[in-house]
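Numbering (full-length UniProt numbering), first residue to last: 1 to 276.
Notes follow once the structure below has been shown.
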């Protein structure tokens, strides 16, 4: 997602609608637009159905959002027993970029908003409240309703943008933990400290430990110990190396401490494990 898009985004709301079950009775549960002549934004707050965007079908339910680029074909269908209830916004926009006191106004391409065509959103209560606010401002037609509608629409898009940012952040954080686990597996024979592991992925020690446990089920030090012991088991089974050397090769500097940890985790001393 282009982080600078909304800094340049200047929308014009053309209409706001809220559909109830009677709408689908009139349409026989299906609406087909061969080529969208206007930009469309939809938010589903109840019911089930599907949308076909350029021949790709997406299932819809409460919390679904989709937007239709210009010139796109789309078919919106509702189930008969649970009609789709939704808000829709017809809009257009320009991209305005300021440089000093000079503004550069550009026409956007057909693609439209920098989101996936269809998204399933969280915080449904918050989004329904924002959409209802937009709908009431638009239909109320009080003084300044056009710019107030613009602000309300921007609030909706900001909420979606924030959810997307959080999701991307979750993904990036998960990848950080995966990288940390991979680093441990590749460097288990070296001194490994929790603060250095956290620093490597740019997280605080406490946050790193929390996320690591949440993702792996182990604390960082527990995971290090398990990796070291798994490698020690392999060496004990497949080599005749002295136990003290096995301990050092898997990252334990004290053979006696290694033996205690090994026995606690496996129920066997290293020597007994090798013989077994």
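Note that CB positions come from ideal geometry on N, CA and C, so glycine has one too.
Quiz prompt | Reduced DSSP secondary structure (H/G/I, E/B, other) of residue 66 | solution = Numbered from 1 along the chain shown, position 66 holds the residue referred to as residue 66. In the structure shown, residue 66 sits in a strand (DSSP, three-state: E or B).
Quiz item: From residue 119 to residue 145, what distance separates their C-alpha atoms?
Solution: For the purposes of this step, residue 119 is taken as residue 119 along the chain shown, with counting starting at 1. For the purposes of this step, residue 145 is taken as residue 145 along the chain shown, with counting starting at 1. Answer to the nearest angstrom: the Cα atoms are 28 angstroms apart.
Quiz item: Roughly how many angstroms separate the alpha carbons of residue 90 and residue 185, rounded to a whole number?
Solution: For the purposes of this step, residue 90 is taken as residue 90 along the chain shown, with counting starting at 1. For the purposes of this step, residue 185 is taken as residue 185 along the chain shown, with counting starting at 1. Cα to Cα, the separation comes out at about 53 angstroms.
Quiz item: For residue 173, which residues of its own chain have a beta-carbon under 7 angstroms away from its beta-carbon, when the five flanking residues on both sides are left out?
Solution: Counting from 1 along the chain shown, the entry for residue 173 is found at position 173. Closer than 7 angstroms at Cβ, skipping near neighbours: 211.
Quiz item: Relative to the C-alpha of residue 67, which residue among 221, 56, 116, 83 is closest?
Solution: Translated into the one-based positions of the chain shown, residue 67 becomes position 67. Minimum Cα distance to residue 67 is reached at 116.
Quiz item: What is the DSSP secondary structure of residue 75, reduced to helix, strand or coil?
Solution: Locating residue 75 in the chain shown gives position 75, where the first residue counts as 1. Residue 75 falls in the strand class under three-state DSSP.
Exercise. Report yes or no: do three or more beta-carbon pairs, one from the stretch 193-203 and one from the stretch 36-55, lie closer than 8 angstroms?
Key: no
Quiz item: For the putative contact between residue 236 and residue 274, defined by C-beta atoms under 8 angstroms, what is the C-beta separation to the nearest angstrom?
Solution: Within the chain shown, numbered from 1, the residue matching residue 236 stands at position 236. Within the chain shown, numbered from 1, the residue matching residue 274 stands at position 274. Yes, residue 236 and residue 274 are in contact; Cβ-Cβ is about 4 angstroms, under 8 angstroms.
Practice problem: Please name the residue or residues paired with residue 282 in a DSSP beta bridge. | Solution: Outside the shown range of the chain, which is 1 to 276, sits residue 282, and nothing can be said about it.
Self-check item: 3-residue-minimum beta strand (DSSP E) runs that sit fully inside the stretch 111-156, ordered along the chain
Solution: 118-120
Practice problem: Grab the span of the beta strand (DSSP E) containing residue 40 for me, first residue to last. | Solution: Counting from 1 along the chain shown, the entry for residue 40 is found at position 40. Per DSSP, residue 40 belongs to the beta strand (DSSP E) from 39-46.
Quiz item: Grouping DSSP H, G and I as helix and E and B as strand, with all else coil, what is residue 9?
Solution: Translated into the one-based positions of the chain shown, residue 9 becomes position 9. Residue state, collapsed to three classes: strand.
Practice problem: Give me whichever residues DSSP pairs with residue 56 in a beta bridge. | Solution: Locating residue 56 in the chain shown gives position 56, counting from the first residue. DSSP output for residue 56 lists 53 as bridge partner(s).
Quiz prompt | Segment limits, beta strand (DSSP E) that includes residue 31 | solution = Here the question's residue 31 lines up with position 31 in the chain shown. Segment 30-33, the beta strand (DSSP E) holding residue 31.
Exercise. Return the first residue and the last residue of the alpha helix (DSSP H) that residue 276 is part of.
Key: Residue 276 sits at position 276 when you count from the first residue of the chain shown. Note, residue 276: premise wrong, no alpha helix (DSSP H); not H, not E.
Quiz item: Any idea which residues DSSP pairs residue 17 with across the strands?
Solution: One-based indexing of the chain shown puts residue 17 at position 17. Per DSSP, 88.
Self-check item: Cβ distance (whole Å) where residue 51 is taken to contact residue 70 below 8 angstroms
Solution: Here residue 51 refers to the residue found at position 51 of the chain shown. Here residue 70 refers to the residue found at position 70 of the chain shown. With a beta-carbon spacing of about 16 angstroms, residue 51 and residue 70 fall beyond the 8 angstroms limit used to define contacts.
Quiz prompt | Spatially closest choice to residue 35 from 97, 73, 224, 161, by CA coordinates | solution = On the chain shown, residue 35 is found 35 positions in, with the first residue counted as 1. Residue 73 is the option with its Cα nearest to residue 35.
Exercise. Return the first residue and the last residue of the alpha helix (DSSP H) that residue 82 is part of.
Key: Taking the first residue of the chain shown as position 1, residue 82 is located at position 82. Note, residue 82: premise wrong, no alpha helix (DSSP H); not H, not E.
Quiz item: With 16 other CB atoms within 10 Å as the buried threshold, where does residue 232 fall?
Solution: To locate residue 232, count along the chain shown from 1; it is residue 232. Under this definition residue 232 is a buried residue.
Quiz item: Since residue 150 and residue 13 are thought to touch, with beta carbons under 8 angstroms apart, how far apart are those beta carbons, to the nearest angstrom?
Solution: The residue labelled residue 150 in the question sits at position 150 within the chain shown. The residue labelled residue 13 in the question sits at position 13 within the chain shown. Contact holds; Cβ gap of about 6 angstroms.
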